[in-house]
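Student: Protein chains in written order, with the numbering used here: chain A, -19 to 308; chain B, 567 to 1472. The C-beta atom is built at its ideal place from N, Cα and C for all residues, glycine as well. Note that this is a predicted model, so its numbers are computed, not measured. Sending over a structure as structure tokens; questions will come in a sec.
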């Protein structure tokens, strides 16, 4: 027996194993290889799969560390394992913990398609503990973040141009331009944007613009141990997400769906560049069921105002004319 | 880890976490893996993505349970009953992997006619010596072979000294491969576990039979030639008075199911820190030397030959013991170590008794310990009975603490509730405390040996600030100064210091020793006289010799510097090589990632199935080959059979996958090596709400107690003062005793205050309000904490007809009196009581009381006197062996039951 640096099977075998490996696609590696060069422009975003989130909060800590954000104070909230409450000016990733009565969405059957032979196991495989397993309630976890809406209210209302859309289609607040007017805060249908008390300026997730410029994926996605947070090209993410939903449906988790993946399903924002896979109603995760960018209807509002104005003019003119006629 | 060590041969995780992705079923028990090992948990989630069933067995519904397919909420401290039930299920329903069991385990081996089981002796095994409160294991031996040795654990139990190397007559062992002989291990096992019926499991553990059977079905359906199941455990199993036997129970189950040594199988021992595995391999323990060589004992080991005779083996891989100890002595003492002077064997310190953690602390409290080094440890918070630690430390003359910040263990002379209560004043403490700031892991180079025996080299990213230095720097310069201090001494007792090899090259203005040189010393090299560390590094432990021509600091690490290359520093990602990733870091032994992997092939050397192909015999090349480095003699064919009378490595047959074991088999029955029995037996914790339903013997008879005024125990069961079960644990957001997290704002804000987790039912029973305060009390102390009421905690119904409701209280233990976030110290509730094999405390199951509000006045029994009224019936009618005295003179530091064998006359 002796050690050599490469002790593994023959090269043929290795190649075969590499090709046939079932291991998860390592989403992280793809980006780090480009280290030092900015990622190519084009829509980038997050796909957050809540069904594999383990609530470790590595995303929250990685975000705070990379962006050097202050703590939110040391307050025990008594709300499950959540002591940071919600997204805010110094919390740009926030993990929600929902202790929900009732069994986890669905019990299904494991994917046994790869299994050949007659004795394929038939044991039902629950997706999350079921009532017999002591799971007559469930503990859902979701890592929330700025959605980087395709139609972003905050961006539309910003009077100074501090909020811009980057070459990665993310929504970015330029801290050196922001004057702290606060218009963006109520304009966000998700309550993401928040002003910091000390300086009055608005802050939120930057989709790690600085890291992307250096060819790195955002800190939260890098830190996520289970790939619940996946970063990438929006088109790729949609494909991964749809495949995941299909897999879950095959296994009997009928309740799985995508939240904000496109304009069709979320017209109020024209879709989100940070979208989610959920297994219950959005409200359960503290997400709005039908978010609407408040400027979404501005065009229509002006149009209807114009129409109303014109009608008014016509009506008034008509009235004047008819009055004049009456006098005749 | 003698649980794994005695069962399989080595005290380390048998597999690697990436391989969990290949599992068809993963049982996580005694571990909250998602919270405590979130990075490794990605492979569990990957298995789940592929369709594996994930089962979490735990008193609490945790973040692990939340993503598991099944959560089994059992009563804390009943895992042997649960796993024993599974063993019985597997045996009685013939769901075991017969070919595997017959060939690879000691199921067929016949046990001595003297052996009596717990079935015969009301919960005790034969050999119990009531006066000494310990077992004589001679009746547990194999019939035919006088003295088979254990590959780990207590290799020399007190039953006497061998006259020939242990196990030399191993080929005389009698076997019945039909498994019918009533004295064969298989039949003894059946009988032993026969009372662990599903009904009994339900009554003891407090879970529904149906749920138990679902686990049994998932496990058995996912084990066999085509499928494998894995177990993951952590300190939820070890921190009990029967902790080692918990792991033994899982080992037996995994052997019966044929899951050992195979991809997707095994037992993953999850270690709690970055290099805890490393700190047992190259130990910070009192009773072993590097590479699991036992520490010599004062009365027995008068010569190197005696020591090798007692500690080595006549059969199996440990027959090479002499090579490893001689090479270690050559590494320690260099040219001074020669064949003529027993290679300076007499320079090694000798054990005179038990010097484990709790024993040392009680001796300290009694004034028998002068000085104390604390490095990378905050025992006042992390260990049990913190108030006793503080009181003990105040009796020291000096104490050295190396940490990032002055921790509670450095501030014992002025911080703690006893100071707030004016029971102790700082000016009355004479201890001189030296605090040294230490370098963080990014500020020093070296290796971590992680939970899967993987050594990974880390670079120094930046210089440590100010006076902060690495441990390596500290120890090296301390040693150098000591050598200078004794340089002129002619006193023979100072020879070990003078002869110690200590000439490591240094770099930089602070003379930091070269960590790679230390790694080379650990690896071993071919000795050139007069030149320390010069000479070719050895390629593997098979190069080591017993004649002094080689030196090695830790034989199991030999190979980490093979070819003069730092193998631990290899970083090729798996997707650029192979899913086993042999070129990422280096795993002991011999870069083998799955141990005992010869068992992944059938007796003829062919894979059990295509799907679970891993290591197999290649007839053409005459070698074992496959995806991993074979954990077997590379060219020994499956057809090899030892001749009668064969000894040493020659005694291992071509079908014996467990090469460290004297008989090459996985031990369903451990004929030696464990102080509390050859088979696991359900005993209740030291403090339990209920009587032991299975046996008249309440608790582990061999457990170690410290019967002292400052260490009171509750009644063994049904103590009306302490009606609830307490169980302690960690959270993802903090690091153990908090030294690395309570000073960091980003972690502290995530979990800012100490809290307890209680069920809505218990909250109603005791008027506890979510977010409000509660006081928790044991006989050792009282603490206050916030209340988190959650349906994740649930009352458990136990007992005959499940008529008794038990409430369990969850207590994370990260907080104490210093740092950004402070709170009471949970471990001050826990007394000193230990598993006999490893001296580990029982912090996962004890009893206590809870009351609403901030009633705690910070009392501690150590400084405040008794906290609770005594029960009218004295010791409380505990149904157990009468404790301790038994006519013996009380020990200087308190009575102890069990473990007398550790205490020698000196």
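Using only CA atoms, which one of B:776, B:1022, B:764, B:877 lies nearest to residue 841 of chain B?
Tutor: The residue given as residue 841 of chain B occupies position 275 in the second chain. Of B:776, B:1022, B:764, B:877, the residue nearest in Cα terms is B:1022.
Student: I'd like the ranges of any alpha helix (DSSP H) spanning at least 4 consecutive residues and lying wholly in the segment 163 to 221 of chain A.
Tutor: Listed in chain order, they are 164 to 167, 189 to 193, 199 to 203.
Student: Could you list the residues in the segment 1294 to 1324 of chain B with a C-beta less than 7 angstroms from some C-beta on chain C, going in chain order?
Tutor: Going by chain labels, chain C is absent from the structure shown, which instead holds the protein chains A and B.
Student: Could you list the residues in the segment 22 to 41 of chain A with a C-beta less than 9 angstroms from some C-beta on chain B, going in chain order?
Tutor: The segment 22 to 41 of chain A vs chain B, Cβ under 9 angstroms: 31, 32, 33, 34, 35, 36, 37, 38, 40, 41.
Student: Determine, using beta carbons only, whether residue 1315 of chain B and residue 64 of chain A come nearer to each other than 9 angstroms.
Tutor: Taking the second chain and counting its residues from 1, one reaches residue 1315 of chain B at position 749. Taking the first chain and counting its residues from 1, one reaches residue 64 of chain A at position 84. Yes, the pair counts as a contact, with Cβ atoms nearer than the cut-off.
Student: With a threshold of 9 angstroms between beta carbons, is residue 600 of chain B in contact with chain A?
Tutor: One-based indexing of the second chain puts residue 600 of chain B at position 34. Closer than 9 angstroms: yes.
Student: What residues are listed by DSSP as bridge partners for residue 1370 of chain B?
Tutor: Taking the first residue of the second chain as 1, we reach residue 1370 of chain B at position 804. Answer by DSSP bridge pairing, in chain order: B:1364.
Student: Applying the criterion that 16 or more other CB atoms from any shown protein chain within 10 Å of the CB defines a buried residue, is residue 1421 of chain B buried or exposed?
Tutor: Translated into the one-based positions of the second chain, residue 1421 of chain B becomes position 855. Looking at its Cβ environment, which holds fewer than 16 other Cβ atoms inside 10 Å, residue 1421 of chain B is exposed.
Student: Who does residue 965 of chain B pair with in a DSSP beta bridge?
Tutor: As a position in the second chain, residue 965 of chain B is number 399, starting the count at 1. Per DSSP, B:938, B:999.
Student: If contact means a Cβ-Cβ distance below 7 angstroms, which residues of the segment 602 to 613 of chain B contact chain A?
Tutor: Correct list: 604, 605, 607, 608, 611, 612.
Student: Can you give me the Cβ contacts of residue 1395 of chain B inside the same chain, cut-off strictly under 7 angstroms, excluding the 5 residues immediately before and after it?
Tutor: Within the second chain, residue 1395 of chain B is the residue found at index 829, counting from 1. Same-chain partners within the cutoff: 1292, 1342, 1344, 1346, 1347, 1349, 1414.
Student: Where do the ends of the beta strand (DSSP E) carrying residue 1415 of chain B lie?
Tutor: Your numbering for residue 1415 of chain B matches position 849 in the second chain. Taken as a continuous stretch (DSSP letters only), the beta strand (DSSP E) holding residue 1415 of chain B covers 1412 to 1418.
Student: Given this structure, state the Cα-to-Cα distance separating residue 1094 of chain B from residue 1069 of chain B, to the nearest angstrom.
Tutor: In the second chain, counting from the first residue as 1, residue 1094 of chain B sits at position 528. In the second chain, counting from the first residue as 1, residue 1069 of chain B sits at position 503. Rounded to whole angstroms, residue 1094 of chain B to residue 1069 of chain B spans 15 angstroms at the Cα level.
Student: Let's see if you can read the secondary structure: which residues bound the beta strand (DSSP E) around residue 118 of chain A?
Tutor: Position 138 of the first chain holds residue 118 of chain A. Its beta strand (DSSP E) spans residues 117 to 125.
Student: Residues bridged to residue 623 of chain B by DSSP?
Tutor: Counted from its first residue, the second chain places residue 623 of chain B at position 57. DSSP lists B:595, B:638 as partners of residue 623 of chain B.
Student: Would you call the segment 278 to 295 of chain A in contact with the segment 775 to 789 of chain B, where contact means no fewer than 3 C-beta pairs closer than 8 angstroms?
Tutor: No: fewer than three Cβ pairs fall under 8 angstroms.
Student: Got a sec? Which residues, its chain only, sit under 6 angstroms from residue 1124 of chain B by beta carbon, not counting five neighbours each side?
Tutor: On the second chain, residue 1124 of chain B is found 558 positions in, with the first residue counted as 1. Taken in chain order, the residues that qualify are 1089, 1090, 1104, 1106, 1107, 1118.
Student: Under 9 angstroms between the Cβ atoms of residue 811 of chain B and residue 1266 of chain B?
Tutor: As a working note, residue 811 of chain B is residue 245 in the second chain. As a working note, residue 1266 of chain B is residue 700 in the second chain. In contact: residue 811 of chain B and residue 1266 of chain B (Cβ atoms closer than 9 angstroms).
Student: Look at residue 66 of chain A and residue 124 of chain A and say whether their C-beta atoms are less than 9 angstroms apart.
Tutor: Taking the first chain and counting its residues from 1, the one referred to as residue 66 of chain A is at position 86. Taking the first chain and counting its residues from 1, the one referred to as residue 124 of chain A is at position 144. The answer is yes: Cβ separation under 9 angstroms.
Student: Excluding the 5 residues flanking residue 179 of chain A on each side, which residues of the same chain have their C-beta closer than 8 angstroms to its C-beta?
Tutor: Position 199 of the first chain holds residue 179 of chain A. Closer than 8 angstroms at Cβ, skipping near neighbours: 160.
Student: Any beta carbon from chain A within less than 9 angstroms of residue 1337 of chain B's own beta carbon?
Tutor: Taking the second chain and counting its residues from 1, the one referred to as residue 1337 of chain B is at position 771. Taking Cβ atoms only, chain A reaches closer than 9 angstroms to residue 1337 of chain B, which makes this a yes.
Student: Any contact of the segment 740 to 759 of chain B with the segment 670 to 684 of chain B, i.e. 3+ C-beta pairs under 8 angstroms?
Tutor: The segment 740 to 759 of chain B, when compared against the segment 670 to 684 of chain B, does touch it at the 8 angstroms Cβ threshold.
Student: Return the CA-CA distance between residue 664 of chain B and residue 1138 of chain B, expressed in angstroms with no decimal places.
Tutor: Here the question's residue 664 of chain B lines up with position 98 in the second chain. Here the question's residue 1138 of chain B lines up with position 572 in the second chain. Approximately 40 angstroms, taken between the alpha carbons.
Student: State yes or no: is the beta carbon of residue 44 of chain A nearer than 9 angstroms to at least one beta carbon in chain B?
Tutor: The residue labelled residue 44 of chain A in the question sits at position 64 within the first chain. Yes - at least one Cβ of chain B is within 9 angstroms of the one on residue 44 of chain A.
Student: So, does the CB of residue -18 of chain A fall closer than 9 angstroms to a CB anywhere in chain B?
Tutor: Here residue -18 of chain A is taken as the residue at index 2 of the first chain, counted from 1. Any answer about residue -18 of chain A is weak, because its pLDDT of 36 lies below 50 and its placement is not dependable; what the coordinates show is given next. Chain B contact via Cβ: present.
Student: Using Cβ-Cβ distances below 9 angstroms, what residues of the segment 1008 to 1032 of chain B are close to chain A?
Tutor: Listed by position along the chain: nothing, the set is empty.
Student: Return helix, strand or coil for residue 1278 of chain B, following the three-state DSSP convention.
Tutor: What you label residue 1278 of chain B is simply residue 712 of the second chain in a count that begins at 1. Looking at residue 1278 of chain B - three-state DSSP - the assignment turns out to be coil, as it is neither helix nor strand.
Student: Assign residue 292 of chain A to buried or exposed, taking buried as 16 or more other Cβ atoms, counted over all protein chains shown, within 10 Å of its Cβ.
Tutor: Translated into the one-based positions of the first chain, residue 292 of chain A becomes position 312. Burial call: exposed.
Student: Give the range of the beta strand (DSSP E) segment to which residue 1292 of chain B is assigned.
Tutor: If you number the second chain from 1, residue 1292 of chain B lands on position 726. Per DSSP, residue 1292 of chain B belongs to the beta strand (DSSP E) from 1290 to 1295.
Student: With a cut-off of 8 angstroms on the beta carbons, I'd call residue 1162 of chain B and residue 580 of chain B a contact; round off their distance for me.
Tutor: In the second chain, residue 1162 of chain B corresponds to position 596, counting from 1. In the second chain, residue 580 of chain B corresponds to position 14, counting from 1. That pair is a contact at about 7 angstroms.
Student: Could you give the residue range of the beta strand (DSSP E) that holds residue 749 of chain B?
Tutor: Taking the second chain and counting its residues from 1, the one referred to as residue 749 of chain B is at position 183. Careful: residue 749 of chain B lies outside any beta strand (DSSP E) and carries neither H nor E.
Student: Applying the 10 Å Cβ sphere with the 16-neighbour rule, what's the burial state of residue 29 of chain A?
Tutor: Translated into positions along the first chain, residue 29 of chain A becomes position 49. Classification of residue 29 of chain A: buried, given that the 10 Å Cβ count is 16 or more.
Student: So does the segment 24 to 39 of chain A actually touch the segment 1321 to 1336 of chain B, counting three or more Cβ pairs closer than 8 angstroms?
Tutor: They do not touch, by the three-pair rule.
Student: Using alpha carbons as the reference points, say which of B:884, B:868, B:871 lies closest to residue 858 of chain B.
Tutor: Counting from 1 along the second chain, the entry for residue 858 of chain B is found at position 292. Taking only the C-alpha atoms, the option nearest residue 858 of chain B is B:884.
Student: Candidates B:632, B:648, B:758, B:652: which alpha carbon is nearest residue 119 of chain A's?
Tutor: Taking the first chain and counting its residues from 1, the one referred to as residue 119 of chain A is at position 139. Residue B:632 is the option with its Cα nearest to residue 119 of chain A.
Student: Restricting to Cα atoms, I'd like to know which of B:952, B:961, B:984 is closest to residue 973 of chain B.
Tutor: Within the second chain, residue 973 of chain B is the residue found at index 407, counting from 1. Cα-wise, what sits closest to residue 973 of chain B is B:952.
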